[in-house]
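Data block below; observations after.
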Amino acid sequence: SGTIPADRSGDGFLRAYGEVGWLHAVVFRIALGCSEVKWVLSDVSNREQPTQIYKHPLLTLLHSINPFQTSNEFIALDTIYQELVGESFWILNYNALGEPAEIWIPYPNKMSVVPDKAKFVKGYVYGSGADAIPFDTNEVIHFKYPNPLNQYRGMGPAQAIGVDLDAEMYSGQWNRNFFYNSARPDGVIQFDYNLSDEQFDKLKKQWSEKYKGVSKAHQVAI
Numbered sequence: 002s003g004t005i006p007a008d009r010s011g012d013g014f015l016r017a018y019g020e021v022g023w024l025h026a027v028v029f030r031i032a033l034g035c036s037e038v039k040w041v042l043s044d045v046s047n048r049e050q051p052t053q054i055y056k057h058p059l060l061t062l063l064h065s066i067n068p069f070q071t072s073n074e075f076i077a078l079d080t081i082y083q084e085l086v087g088e089s090f091w092i093l094n095y096n097a098l099g100e101p102a103e104i105w106i107p108y109p110n111k112m113s114v115v116p117d118k119a120k121f122v123k124g125y126v127y128g129s130g131a132d133a134i135p136f137d138t139n140e141v142i143h144f145k146y147p148n149p150l151n152q153y154r155g156m157g158p159a160q161a162i163g164v165d166l167d168a169e170m171y172s173g174q175w176n177r178n179f180f181y182n183s184a185r186p187d188g189v190i191q192f193d194y195n196l197s198d199e200q201f202d203k204l205k206k207q208w209s210e211k212y213k214g215v216s217k218a219h220q221v222a223i
């Protein structure tokens with residue numbers, strides 16, 4: 002009926018990151034901390050005395066990621082996605098030798114998981130309609146937090162406080178409108194005769210110019 006706001010979708014929680022200040026602060030701090038972790042590769046064939054490996058194609062890949070993102074930015078964005086919607090996807094681009102040469106991170110809300118009875122997951126599809134891009138399971142690494150209602154998709158901490166996020170956003174909008182223009186009509190101007198369209202528009206414009214706005218609030222109308 003329009004009296005109750007609709008539940009946030011996946012992209013709604015991603016938008017909340019830029020709409021609710023404390024959510025942005027908390028998630029960004031977590032993402033920044035994760036992005037500052039240094040990658041370490043170790044040979045654990047001897048588990049009692051693992052040997053650190055300093056040069057390896059995997060380390061090179063994790064440090065270079067792709068031509069348009071740094072490793073820090075990539076991991077930060079990966080963490081933001083997981084905290085907001087509970088999952089992220091890494092798409093692997095292979096070179097001529099069949100080795101991963103680049104890693105890309107798509108918008109998780111645009112990625113679909115294709116179930117399979119035998120293999121559990123048959124593949125992935127990014128986008129929809131004519132622009133949809135299919136991926137095999139060996140091209141995608143799916144990271145996700147456990148979701149008790151859907152084992153194919155993740156559930157993030159932000160999704161557990163969807164109502165609180167909406168309350169924060171709507172109360173903020175209400176307060177902004179209150180200070181911008183009182184958020185309510187404090188009075189009614191009524192005439193005993195019908196105004197022409199020209200008279201109505203002129204009166205409305207004059208009233209707004211004199212009394213509308215934060216700097217003109219609480220003035221006495223003459």
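Heads up: the sequence shown begins at 2 in our numbering, then just goes up one per residue.
Beta carbons: idealized from backbone N, C-alpha and C, even for Gly.
- Annotated three-state conformation of Y18 is coil, per DSSP.
- Judged by their CB atoms, G155 and D137 are not nearer to each other than the 8 Å cut-off.
- Here the alpha carbons of N94 and A161 stand approximately 34 Å from one another.
- Taking one beta carbon from each stretch, the region 16-27 and the region 54-61 have fewer than 3 pairs nearer than 8 Å; the two do not touch.
- In terms of Cα proximity to N139, the closest of D165, I92, L33 and A159 is I92.
- DSSP links S43 through a beta bridge to Q53.
- Going by C-alpha positions, E20 is about 29 Å away from Y212.
- Using a Cβ distance threshold of 8 Å, A133 and V126 count as a contacting pair.
- Nearest to Y146 by alpha-carbon distance, out of A26, H25, Q83 and R9, is Q83.
- Straight through space, the alpha carbons of N73 and E37 are spaced by roughly 7 Å.
- If you check the CB distance, A32 and T80 come in under 8 Å.
- Sorting D12, G11 and W23 by C-alpha distance to the C-alpha of A168 places W23 at the top.
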